[in-house]
Amino acid sequence: MSEALARHLAGRGIRDPRVLEAVERLPRSLFVPRLLRAVADVDAALPIGHGQTISQPFVVAVMTEALALAGTEKVLEVGTGSGYQAAVLALLAREVYSVELLAPLAERAREVLCVALGLANVHLRTGDGAAGWPEAAPFDRIVVTAAAPAVPPALLEQLAPGGRMILPVGPAAGTQVLRLVEKGADGSLSQRDLHEVVFVPLRSPG
Ligand code: SAH
């Protein structure tokens, strides 16, 4: 339980009560390395090994709020990492498909999400998330939690009409912008930039 963190996020302007409730219900300490458990509820990105990070809770909340989840959606996440964002999504959407490039992180996330938390609506795969998850497409929502210089074309293709995608776009080093892409019922695309963020880069396999 992370009540203090949920209160903090409400104070920083997160309004969606379902997002705040999900943050409150999920112990972030489960998703960080043992040595960092005592500081798991600070609003900061933390290292999770292999040069990767668990995202800052405020950024997780902003991205999740921007997805406007009603509970019926099929969601794709690129960059499982610790599994924290996937867990938030699992509480707020129908099905979550999450792809992680690094096998050790994917295995650890599976233990937390599927075993410790018993979330039956989360599906995990190891591989290059820039290719999406074609067999499970189309997705009503897509969230990318690693920065790319441009929106990966396969993800745009796998976004359902009426769907929304949120992702950090920009250079690997420095800051990026959080971009919200909406696909109209007729397939037309519109986008707007929300916040400056700092994410680890979306990498190519190999
Ligand atoms: N959503 C995560 C944040 C993880 S940081 C969380 O809640 O903890 C971004 C993650 O993206 C890292 O684990 C990194 O290994 C992964 N990643 C980087 N490039 C990737 C790619 N091409 N496909 C899938 N995952 C990738």
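Residue numbering for the sequence shown follows my numbering, beginning at 5 and increasing consecutively. We treat Cβ as the ideally placed atom computed from N, Cα and C, and that holds for glycine.
Any non-hydrogen atom of the ligand SAH within 6 angstroms of residue i CB
i, result
"Ala65", "no"
"Asp132", "yes"
"Tyr88", "yes"
"Gly85", "yes"
"Ala150", "yes"
"Val204", "yes"
"Glu161", "no"
"Ile18", "no"
"Ser59", "yes"
"Gln180", "no"
"Glu69", "no"
"Glu104", "yes"
"Gln56", "yes"
"Leu30", "no"
"Val82", "yes"
Residues of its chain near residue i, where Cβ-Cβ distance is below 7 angstroms and the 5 sequence neighbours each way are ignored
i, result
"Pro205", "Ala150, Ala151 and Ala176"
"Phe35", "Ile58, Ser86, Gly87, Tyr88 and Val116"
"Phe203", "Thr149, Ala150, Ala151, Pro172 and Gln180"
"Pro156", "Ala134"
Residues near residue i in its chain [Cβ-Cβ closer than 8 angstroms; skip 5 each side]
i, result
"Leu117", "Gly87, Ala90, Ala91, Ala94, Leu123, Val126 and Leu128"
Test item: CB-CB of residue i and residue j under 7 angstroms
i, j, result
"Glu186", "Arg207", "no"
"Met67", "Val181", "no"
"Gly174", "Leu159", "no"
"Arg145", "Leu71", "yes"
"Leu40", "Leu50", "yes"
"Ala164", "Pro138", "no"
"Thr84", "Ala110", "yes"
Beta-carbon contacts of residue i that lie in its chain and below 6 angstroms, excluding the five residues immediately before and after
i, result
"Val82", "Val103, Gly133 and Val148"
beta-carbon residue i near the ligand FAD non-hydrogen atom, thresh 6 angstroms
i, result
"Arg145", "Ligands displayed in this structure: the ligand SAH; the ligand FAD is not among them."
Exercise for the section: Entirely within the stretch 82-124 and at least 4 residues each: give me those alpha helix (DSSP H) ranges in chain order. Expected result: For the stretch 82-124, whole alpha helix (DSSP H) runs of length 4 or above, ordered along the chain, are 88-96 and 107-114.
Problem - In chain order, each beta strand (DSSP E) run of at least 3 residues that lies wholly inside the stretch 139-184 - result: Annotation note: the stretch 139-184 contains the following uninterrupted beta strand (DSSP E) runs of length 3 or greater, listed N- to C-terminal: 143-148 and 163-173.
Handout entry: Whole alpha helix (DSSP H) elements within the stretch 14-79, 4-residue minimum
Key = For the stretch 14-79, whole alpha helix (DSSP H) runs of length 4 or above, ordered along the chain, are 21-29 and 61-70.
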